[in-house]
Each structure stands twice: as C-alpha cells, then as structure tokens.
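Undergrad: Could you have a look at this structure, given as structure tokens, before my questions?
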Amino acid sequence: MEGLLEELYTAILEGQRDVAKEMVELSLQEGLDPADVLDAMVKAMGEVGRLFEEGEYFVPEMLIAARAMKTGMEILKPRLVDADIQPVGKIIAGTVKGDLHDIGKNLVCMMLEGAGFQVVDLGTDVSPEAFVAAVNEHQPDFMAISALLTTTMPSMQSTIEALKMAGLRDHVKVLIGGAPINNAYAEKIGADGYAQDASRAVKLAKSLI
Ligand code: B1M
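Rendered as structure tokens:
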C-alpha cells in the first residue's frame, strides 16, 4: 500500500474522521479502484481489532476508528454499488426485546461493516417476531444478537425458538454476545456462536461464512 491509501489506512487506525473522508474522496478522484480503497479501510479495521485484542487499544479507540471507517464508507458505498462489489456476507443485528443498551451492538455492527459485511441494524428492543420478520425480508447469512441485562438474556432463546417455529432456523446462523453472555450460554440455547467483543465477532462471522 502506498500514497493516498496508506494515508487512508493511518487515518482510520488513528480515528481521524475528516482525514479519512478526504483520503477516500481524493483516492476516487485520482481514479483508484474502489475495491482497493475498501481493502485499505478493511485492513485498517483488522489492525484496530488486533490492537484491541492485544490490549493496546480500548473501546474508545475502537469506536473512533469505526466512526472514521463509517465516514469513509458513506462516500465509497455508491461507488462500490456501481462497481458491483459484493459484500462478504449479510448480517442482521439487534439488541433483544426489553433491552435498550446499544453501544456494544453498534460497535459490533461497525466492525462487521469494516470487515466488508452488509449489516442491517434493527436497533434495540427487538422482539423475536421482529427478528423473524427481518430474516424473511433480508435473507441474511447471520443474526448478531446482543443482550446486556441478565433479565433480557432469555429473549435470545425465545428468538431462536421463534426462528424454529417459522422454519427458518437452518437458513441463518445465530451469533450472540453481550456482557452477561458466555460460550456455555450460547451452547445451552443452541446458538451457533458467541463472541466476547466486536473484534472477535468479526473473526467468528468470517470463520463461519
Ligand atoms: Co445499563 N446496565 N441499565 N445502561 N449499563 C449495565 C449493563 C449493568 C451491568 C450496570 C451495573 O449495574 N453494573 C446493569 C446490568 C445488570 C445485570 O443485568 N446483571 C445495567 C442495568 C441494571 C440497567 C438498567 C436496568 C438500570 C435501571 O434503569 N435501573 C437500565 C435498563 C434499561 C433497558 O435496557 N431496558 C439501564 C440503562 C442504561 C443506560 C440507558 C443508562 C445506558 C445505555 C446507553 C446505550 O447503550 N445507548 C447504560 C449503560 C451505558 C450501561 C453500562 C454502564 C455500560 C454498557 C456499555 O455500553 N458498555 C453497563 C455496565 C458495564 O457494562 N460496565 C450497564 C460498553 C460496550 C462497548 O460494551 O455493551 O459489553 P458491551 O459490548 C461489548 C461486548 O459485550 C460485545 O462486544 C461489545 C464491544 O466489544 N457484544 C457483542 C455486545 N453485543 C454483542 C453482540 C454480538 C457479539 C458481541 O453478536 C454476535
């Protein structure tokens, strides 16, 4: 990587939103391939994930990097559509019914987008029925479900049950996460995977695609 793309990579790594925006604009003006521009941004977010796992970055650094990525993506997205570059996979995401915590879920969405996934964010307080309707509508590869309260954890199981009832359980992989969740709980309710943080959620989704 060199020149503008290297500057774009560094801007995202350092969470410099305005510089990232400018570098995407300049790269496209200079006629660089949108796929290469995306690649530079995805690599930067990959490095952000690595630094987070190594304990060199914390949530705030990851958030500002993800925001810089998002700003760049807003400019790049129409060009990717023009170039017909397909996403790595499609994910619907949401925080379960009764639960309004969305900071972690938003971070997971941003990191997944950063890794090239198309994300449909259903927001917070998402009922099992709404998850099922979204699977029918969007035909995703994955569902990423978040819960932060011990009292709302059971809604993850209800969501999986609702998928079964709708005959959709085999159509979508269910990934779960959130502070009170762990692997044992994922196994207990029959989810396809658990990720303890946003970086590992990306790795998990990539490993299952
Ligand atoms: Co709430 N809250 N809160 N809260 N809140 C907690 C969760 C709590 C642990 C605080 C405490 O008491 N120590 C506690 C839960 C206790 C329990 O259930 N055992 C609690 C409570 C009790 C409540 C209320 C009930 C308080 C009240 O009203 N009496 C209430 C509930 C409202 C509701 O949801 N119905 C409530 C309200 C709120 C605020 C609205 C004030 C605010 C939320 C704002 C928002 O999200 N927009 C809030 C906050 C901010 C917190 C704490 C302080 C921080 C949560 C957070 O954003 N963490 C939290 C205490 C804490 O966690 N230390 C707390 C940062 C975020 C980046 O981490 O969300 O864990 P996290 O996400 C991580 C991973 O978990 C993972 O990746 C993320 C990024 O690395 N992950 C996934 C998350 N989702 C994933 C999905 C995946 C994969 C990974 O899918 C594949």
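Taking my numbering, the leading residue of the sequence shown gets 79, the next gets one more, and so forth.
For every residue, glycine included, the Cβ atom is placed at its ideal position computed from N, Cα and C.
(1) Of all the alpha helix (DSSP H) runs that stay within the bounds of the region 79-107, which reach a length of 4 or more residues?
(2) Say the cut is 8 Å; is the CB of residue 274 nearer than that to a heavy atom of ligand 1?
(3) Here's the rule: buried if 16 or more other CB atoms are within 10 angstroms of the residue's CB, otherwise exposed. What is residue 136?
(4) Comparing the C-beta of residue 182 with each C-beta of chain E, is any distance below 9 Å?
(5) Using DSSP's beta-bridge definition, name the partner residues of residue 196.
(6) Report whether the distance from the Cβ of residue 281 to the nearest heavy atom of ligand 1 is below 8 Å.
(7) Tell me whether the region 140-156 and the region 207-216 touch, counting them as touching only if at least three CB pairs, one residue from each stretch, are closer than 8 Å.
(8) Exposed or buried, which one is residue 273 when buried takes at least 16 other CB atoms within 10 Å?
(9) Just the Cα atoms here: how many angstroms apart are residue 281 and residue 224?
(10) Which value, in whole angstroms, describes the spacing of the CA atoms of residue 151 and residue 247?
(11) I think residue 120 touches residue 182, with their Cβ atoms under 8 Å apart; what is that distance to the nearest whole Å?
(12) For residue 161, count neighbouring Cβ atoms within 10 angstroms of its own Cβ and tell me buried if that reaches 16, exposed if not.
(13) In this structure, how does DSSP classify residue 220 when only helix, strand and coil are distinguished?
(14) Measuring only the C-alpha atoms, how far is residue 85 from residue 99?
(15) Nearer than 8 Å: is that true of the beta carbon of residue 133 relative to any heavy atom of ligand 1?
(16) Assess, as a yes-or-no matter, whether the region 195-207 is touched by the region 166-185 under the definition of 3 or more beta carbon pairs within less than 8 Å.
(17) Taking the alpha-carbon positions, what's the residue 284 to residue 177 distance?
(18) Would a C-beta distance cut-off of 9 Å place residue 88 and residue 113 closer than the cut-off?
(19) Under three-state DSSP, which class holds residue 175?
(20) How many angstroms separate the CA atom of residue 227 from the CA atom of residue 166?
(21) Tell me whether residue 137 counts as near ligand 1, meaning its Cβ is closer than 8 Å to at least one heavy atom of that ligand.
(22) Between 265, 219, 94, 102, which lies nearest to residue 140 when the distance is taken from Cα to Cα?
TA: Taking the coordinates as given:
(1) 81-91, 95-107
(2) Translated into the one-based positions of the sequence shown, residue 274 becomes position 196. Residue 274 Cβ: within cutoff of ligand 1.
(3) Position 58 of the sequence shown, counted from the start, is the residue given in the question as residue 136. Exposed, by the Cβ-count rule.
(4) Absent from the structure: chain E. Only one protein chain is present.
(5) The residue you call residue 196 lines up with position 118 of the sequence shown. For residue 196, which the question treats as bridged, DSSP gives the partners 168.
(6) Indexing the sequence shown from 1 puts residue 281 at position 203. No, Cβ of residue 281 sits at least 8 Å from all heavy atoms of ligand 1.
(7) no
(8) The residue labelled residue 273 in the question sits at position 195 within the sequence shown. By the 16-neighbour rule on beta-carbons within 10 angstroms, residue 273 is buried.
(9) Against the sequence shown, residue 281 aligns to sequence position 203. Against the sequence shown, residue 224 aligns to sequence position 146. Looking at the two C-alpha atoms, the distance is approximately 17 Å.
(10) To locate residue 151, count along the sequence shown from 1; it is residue 73. To locate residue 247, count along the sequence shown from 1; it is residue 169. Using only the alpha carbons, I get a separation of about 32 Å.
(11) Residue mapping note: residue 120 aligns to position 42 of the sequence shown, counting from 1. Residue mapping note: residue 182 aligns to position 104 of the sequence shown, counting from 1. Not really, about 21 Å apart at Cβ, beyond 8 Å.
(12) Here residue 161 refers to the residue found at position 83 when the sequence shown is read from its first residue. Residue 161 comes out exposed.
(13) Against the sequence shown, residue 220 aligns to sequence position 142. Note: residue 220 maps to strand in three-state DSSP.
(14) Taking the first residue of the sequence shown as 1, we reach residue 85 at position 7. Taking the first residue of the sequence shown as 1, we reach residue 99 at position 21. Roughly 11 Å between the two C-alpha positions.
(15) The count along the sequence shown starts at 1 and reaches residue 133 at position 55. For ligand 1, not one heavy atom lies less than 8 Å from the Cβ of residue 133.
(16) yes
(17) In the sequence shown, the residue the question calls residue 284 occupies position 206. In the sequence shown, the residue the question calls residue 177 occupies position 99. Rounded to the nearest whole angstrom, the CA to CA distance from residue 284 to residue 177 is 27 Å.
(18) Position 10 of the sequence shown, counted from the start, is the residue given in the question as residue 88. Position 35 of the sequence shown, counted from the start, is the residue given in the question as residue 113. In this structure, residue 113 does not lie closer than 9 Å to residue 88 by Cβ.
(19) Translated into positions along the sequence shown, residue 175 becomes position 97. Of the three classes helix, strand and coil, the one that applies to residue 175 here is coil, per DSSP.
(20) Taking the sequence shown and counting its residues from 1, the one referred to as residue 227 is at position 149. Taking the sequence shown and counting its residues from 1, the one referred to as residue 166 is at position 88. Rounded to the nearest angstrom, the gap between the Cα atoms of residue 227 and residue 166 is 31 Å.
(21) The residue labelled residue 137 in the question sits at position 59 within the sequence shown. Checking the Cβ of residue 137 against ligand 1 gives yes.
(22) Locating residue 140 in the sequence shown gives position 62, counting from the first residue. Looking at the Cα atoms, 94 is the closest of the given residues.
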